[in-house]
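Structure, as structure tokens:
2 protein chains.
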Amino acid sequence: MNTNTQTTRLYHSALSPFCRKVRLVLAEKKIEVELVEERYWESPPDLKRRNPAGKLPVLRHRGNMLAESQAIIEYLDEAIPSPALMPSTPLERHEVRRLCAWFDDKFNDEVTVPILTERVWKKITRQGYPDSRVVKDGLRAIKEHIDYLTTLLETRRWLAGNSLSLADFTAAAHFSCLDYISDVDWDRSEVLRDWYATIKSRPAFRSILADQVPGIHPAPHYAELDFG
Amino acid sequence: MNTNTQTTRLYHSALSPFCRKVRLVLAEKKIEVELVEERYWESPPDLKRRNPAGKLPVLRHRGNMLAESQAIIEYLDEAIPSPALMPSTPLERHEVRRLCAWFDDKFNDEVTVPILTERVWKKITRQGYPDSRVVKDGLRAIKEHIDYLTTLLETRRWLAGNSLSLADFTAAAHFSCLDYISDVDWDRSEVLRDWYATIKSRPAFRSILADQVPGIHPAPHYAELDFG
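Chains as they are written, first to last, in full-length UniProt numbering: chain B, 1 to 228; chain Z, 1 to 228.
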């Protein structure tokens with residue numbers, strides 16, 4: 001491992017959407033990063049030293065330790081201005097942040113956490129078997145989210161407007177974790193499937209599509225670019 | 001009620017820290033606002049029309065409906081630049097956002113939600129009696145948070161650095177809700193008590209200190225400016 005403190009390093013977990021959004025933004029900004037996988041559920045003591053909140057992701061960039069995924073990606077967009085992933089007016093910027101919060105809060109609570117906890121985390125941390133009722137609740141909730149996103153994408157090129165933004169990478173981070181275990185019904189919305197196919201084909205997505213979580217095989221279409 | 005859609009209006013709930021942070025930033029920016037109290041736990045149909053996430057706060061500003069408290073306060077700081085509540089460098093701005101997330105996520109989960117749910121929301125929504133174990137967990141957790149904030153304030157004038165920022169208002173929004181029901185042990189930290197006394201004495205705090213929630217009386221010191 002490179003011990004130069006100037007190397008950009010991300011302490012992460014492969015199937016965490018919060019870590020994935022940072023990886024996607026780093027890649028879109030063409031910042032080379034050294035990935036360090038953390039078994040955060042074992043509360044490694046170094047994690048709390050790097051981030052007093054004891055959570056992933058933690059990014060070391062230019063010698064500074066940065067925490068909280070939304071704060072990190074806004075920092076990256078300000079510190080490395082090109083390509084810009086935020087629009088210019090306060091109102092457009094609000095829409096990007098509203099949708100980032102939509103995914104990291106509402107979508108995460110209603111869809112990502114229930115499904116990933118039951119289907120992935122219980123297996124990885126050896127804490128029992130999936131509760132199918134919880135998974136069903138998550139699969140019911142994702143339908144409403146897909147329908148809402150469809151109404152947005154019917155009048156917009158990207159999720160928050162006509163430019164690619166942090167909102168698209170935040171959304172794609174959540175969807176890609178669910179798609180790894182094949183829990184997105186892409187047939188429900190043609191515009192959403194097209195949106196995901198477009199973002200998935202960006203070079204920034206390559207590292208995410210190459211992920212292999214020990215003991216959890218990705219769905220066959222996970223890394224395919226023409227999955228529709 | 002003023003029906004001019006150009007009037008700034010906040011749909012809110014008095015003891016929600018997320019609504020309070022928006023009220024504090026509006027007041028600091030000297031924006032007059034019409035407050036509309038919402039009984040959000042009854043899921044009023046208009047709430048979902050104004051904010052598809054079905055949550056408070058919702059701000060109508062210059063004819064636009066804005067949701068998600070952090071997205072709203074960042075919008076306000078960009079749309080009304082003076083007084084600035086964000087520092088200028090990406091690294092300092094990251095620190096502000098990290099601490100906003102600290103309060104809205106970690107502090108909220110570990111302290112605000114357990115204590116307010118048991119002591120306030122169960123009473124307001126008539127859903128049973130407080131569970132004292134949950135309250136105790138919250139009161140245990142707040143000690144660790146106070147200690148962490150104390151270490152920050154020992155080397156900084158304000159929470160995120162040497163300038164007053166959105167982080168201070170976010171933190172003060174949470175503390176003020178707990179202080180309403182007298183659940184902050186200010187004797188534990190002199191620097192934190194001084195910080196709160198300073199921010200509480202700002203004109204922006206007046207509307208918050210005048211709050212009276214039906215059936216829930218504020219602690220005697222709640223609105224006092226020299227409470228230490």
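Glycine is no exception: its CB is placed at the ideal position from the N, C-alpha and C atoms.
Using the beta-carbon count (16 or more within 10 Å), is residue i buried or exposed?
i	result
Gly215 (chain Z)	exposed
Pro83 (chain Z)	exposed
Thr170 (chain Z)	buried
Arg126 (chain B)	exposed
Ser36 (chain B)	The sequence shown places Val at residue 36 (chain B), rather than the Ser named in the question. By the 10 Å Cβ count, Val36 (chain B) comes out exposed.
Arg133 (chain B)	exposed
Arg206 (chain B)	exposed
Lys30 (chain Z)	exposed
Leu85 (chain Z)	buried
Lys161 (chain B)	According to the sequence shown, residue 161 (chain B) is Gly rather than Lys. Classification of Gly161 (chain B): buried, given that the 10 Å Cβ count is 16 or more.
Lys136 (chain Z)	exposed
Could you give the distance in angstroms between the alpha-carbon of residue i and the alpha-carbon of residue j?
i	j	result
Glu68 (chain B)	Leu99 (chain B)	16 Å
Trp186 (chain Z)	Ser165 (chain B)	42 Å
Val120 (chain B)	Pro81 (chain Z)	45 Å
His221 (chain B)	Ser176 (chain Z)	50 Å
Leu116 (chain B)	Leu178 (chain B)	7 Å
Pro17 (chain Z)	Ile72 (chain Z)	14 Å
Asn108 (chain B)	Pro114 (chain B)	8 Å
His61 (chain Z)	Ile124 (chain Z)	29 Å
Asp226 (chain B)	Glu190 (chain B)	13 Å
Ser201 (chain Z)	Ala79 (chain Z)	25 Å
Gly63 (chain Z)	Thr198 (chain Z)	34 Å
Ala89 (chain B)	Thr89 (chain Z)	The amino acid at residue 89 (chain B) is misidentified as Ala; the sequence shows Thr. Rounded to whole angstroms, Thr89 (chain B) to Thr89 (chain Z) spans 19 Å at the Cα level.
Val213 (chain B)	Val213 (chain Z)	50 Å
Would the beta-carbon of residue i fall within 9 Å of that of residue j?
i	j	result
Asp77 (chain B)	Val25 (chain B)	yes
Tyr129 (chain Z)	Val58 (chain Z)	no
Asp55 (chain B)	Lys106 (chain Z)	Rather than Asp, the amino acid found at residue 55 (chain B) in this sequence is Lys. Contact: yes.
Ala141 (chain B)	Glu95 (chain B)	no
Tyr196 (chain B)	Leu91 (chain Z)	no
Glu42 (chain B)	Thr8 (chain B)	no
Lys21 (chain B)	Ala223 (chain B)	no
Gln70 (chain Z)	Arg39 (chain Z)	no
Trp102 (chain B)	Ala53 (chain Z)	yes
Asp131 (chain Z)	Glu110 (chain Z)	no
Gly138 (chain B)	Thr155 (chain B)	no
For residue i, which residues from the same chain have a beta carbon less than 6 Å from its beta carbon, with the 5 sequence-adjacent residues on both sides left out?
i	result
Ala219 (chain B)	Ser182
Leu209 (chain B)	Ala223
Cys19 (chain Z)	His12, Ser13, Leu56 and Pro57
Between which residues of its own chain and residue i is the CB-CB distance below 7 Å, once the five residues before and five after are set aside?
i	result
Ala204 (chain Z)	Leu24, Ala27 and Glu28
Ser163 (chain B)	Pro87
Arg50 (chain B)	Tyr11, Val58 and Met65
Asp194 (chain B)	none
Arg93 (chain Z)	Met86 and Pro87
Asp46 (chain Z)	none
Grab me the residues of residue i's own chain with a C-beta within less than 8 Å of its C-beta, minus the 5 sequence neighbours each way, in chain order.
i	result
Pro192 (chain Z)	According to the sequence provided, residue 192 (chain Z) is Leu. The question's Pro does not apply to it. So the qualifying residues of the chain are Ile146, Leu149, Thr150, Leu153 and Trp186.
Trp211 (chain Z)	For clarity, residue 211 (chain Z) is Asp in the given sequence; the question names Trp instead. Once the five neighbours on either side are set aside, the close Cβ partners of Asp211 (chain Z) are Ala14, Leu15, Tyr180 and Pro218.
Lys143 (chain Z)	Asp185 and Arg188
Pro44 (chain Z)	Glu38
Lys122 (chain Z)	Gly128, Tyr129 and Pro130
Against chain A, with Cβ distances strictly below 9 Å, would residue i count as a contact?
i	result
Lys21 (chain Z)	No chain A appears in this structure, whose protein chains are B and Z.
Using the beta-carbon of each residue, which ones in chain Z are nearer than 7 Å to residue i?
i	result
Lys106 (chain B)	Ala53
Tyr148 (chain B)	Pro52
Ala79 (chain B)	Pro90
Check the Cβ of residue i against every Cβ in chain B and list those closer than 9 Å, keeping chain order.
i	result
Asn64 (chain Z)	Leu91 and His94
Identify the contact partners of residue i in chain B, using a Cβ-Cβ distance below 7 Å as the criterion.
i	result
Gln70 (chain Z)	Arg97 and Ala101
Ala67 (chain Z)	Arg98
Can you list the residues of chain B that residue i reaches, using a CB-CB cut of under 8 Å?
i	result
Glu74 (chain Z)	Arg93, His94 and Arg97
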